[in-house]
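Here is the structure we will look at.
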Amino acid sequence: MTEICKSWLFVPADSERKLEKSRSSDADVVIYDLEDAVQPARRDIARRLVADVLQQDVPTVQCVRVNPVDSRDCADDLAAVMPYAPRWVMLPKLRSPACADMLAEQLRAYDRKADDAEDATAVVAIMTETPEMALRLPALEALNPRVRAITWGAEDLSVAIGATTTRGADGEWLALYQQMRSQTLLAARALNIQAIDTLYAAFKDSEGLAQYAQRAARDGFDGMLAIHPAQTTVINTAFTPDAESIREAQRVVAAFAAQPDAGAVQLEGRMLDKPHLTLAQKILARAR
Ligand code: COA
Ligand code: MG
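The numbering of the sequence shown is the numbering used here, which starts it at 129 and goes up by one.
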C-alpha cells in the first residue's frame, strides 16, 4: 500500500529558484510540473532540471507531472525522468481509463516491475479535466492498478465546456464542480486508492485555505494539492487529526476493547457499532 500523502505541492519545473525552494518544503509530495506551468519552449530545460533534482537527496516524496499520455511530449518527459524512478508520475487530461493503461504500458518499459510492485512508480491521475473523462467518472469500474491516487481540477474542465466561472458568488463550487469533487472521492473509495482534493488558488488567503482543507478532510479526502509553499503547513495541519479527535477515537476503541464480544456498545449515552469503530481506527491511523 502506498503511503498516505496529505500535501502535494506543484512546482513549475523550469524554475530553478522554485525547485531550490521546494527542497526545504514540508510538503509530503513535491510535484515537478512539466505540463501547464511550463511554456512548451522551456520543456527541454525543465526536463533537465527535473532529472537533476530526481538524483538529489530531498526530504519530500517526488512526483513528476508529465504531459497528456497521447502526446509526443509525454514520451519525451518519461524518457527524461524515468531513469531516476520518481515515486509518482501525475497524469493530466485523461480522456478515458485507457489513458492510464497507456501510461502504465510506457512505465513498464522503464522499470520492468509488476504494476502492483511495492516500489514501482505509482500514478496519480487527474480525473476531471476533459468532458469525456468527466462523463465516464460516475460509471468508473476499474482503473489501471498503477493508479494509487486520483484528484480533480476545475479549471481545465471549465475552459473545455466554455464556462467563465467555476464558483458562485458565495465562493462555493458550482454544482458541476461539486459533482466532480464528489465523484472523485467516491471513485477513489470504490477503487481503494487515495482521494486528493483540488488546489485552493488564492494562496494569500490562508484562513480560507484552512477552512477549505478542514472541510476536505471532514468530507473524507486524504490530502490536497498546493500551489504555493505557504499552503503546505496549513494543509498538513488540516489533514492531521487534532488532539481532541484522537482522544475521542481512543475512547471509542477502548469501549469496544472492553467488550470484545459486543457488536454494539455505549459510550457516555451514545450507541456505537461497527462504522464508529472503523472511523476511530482510521483517525488513529491518520494520526500516526
Ligand atoms: N514552489 C516552490 N517555490 C515557490 C512556489 C512553488 N509552487 N511558489 C512560489 N515559490 C517561491 C517563490 O519563488 C518565492 O521565492 P523567493 O522568495 O526565493 O523569490 C517565494 O516562494 C514567494 O513567492 P511569491 O512571491 O509569493 O509568489 P510568486 O509570484 O513567485 O509565484 C505563483 C506565484 C502562483 C506563480 C507560484 O506560486 C507558482 O508557480 N505556483 C505553482 C504553479 C503551478 O505549478 N501550476 C500548475 C499546477 S495548477
Ligand atoms: Mg491544468
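We put the CB at the ideal spot given by N, CA and C, even for glycine.
- Annotation for Ala-203: the continuous alpha helix (DSSP H) segment containing it runs 200–209.
- Of the heavy atoms belonging to the ligand COA, at least one sits nearer than 7 Å to the Cβ of Val-139.
- Within the same chain, Cβ atoms closer than 6 Å to the Cβ of Gln-387 are found at Val-393, the five residues on either side in sequence being excluded.
- In chain order, Pro-369, Ser-373, Ala-377 place their CB closer than 6 Å to the CB of Ile-411, counting only its own chain and leaving out the 5 sequence neighbours on each side.
- In the three-state scheme derived from DSSP, where H, G and I count as helix and E and B as strand, Asp-239 is classed as helix.
- Across the set Thr-258, Thr-361, Leu-268, the C-alpha of Thr-258 shows the shortest separation from the C-alpha of Leu-304.
- With respect to the 8 Å criterion, Leu-271 and Ala-237 are not classified as neighbours on the basis of their beta carbons.
- Within the region 295–347, the complete beta strand (DSSP E) runs of at least 3 residues fall at 322–325.
- Assigned with DSSP and collapsed to three states, Met-352 falls in strand.
- Of the candidates Ala-253, Arg-274, Pro-403, the residue whose Cα lies closest to the Cα of Leu-265 is Ala-253.
- For Met-230, the secondary structure class from DSSP, reduced to helix, strand or coil, is helix.
- Ala-253 is bridged by DSSP to Leu-219, Ile-278.
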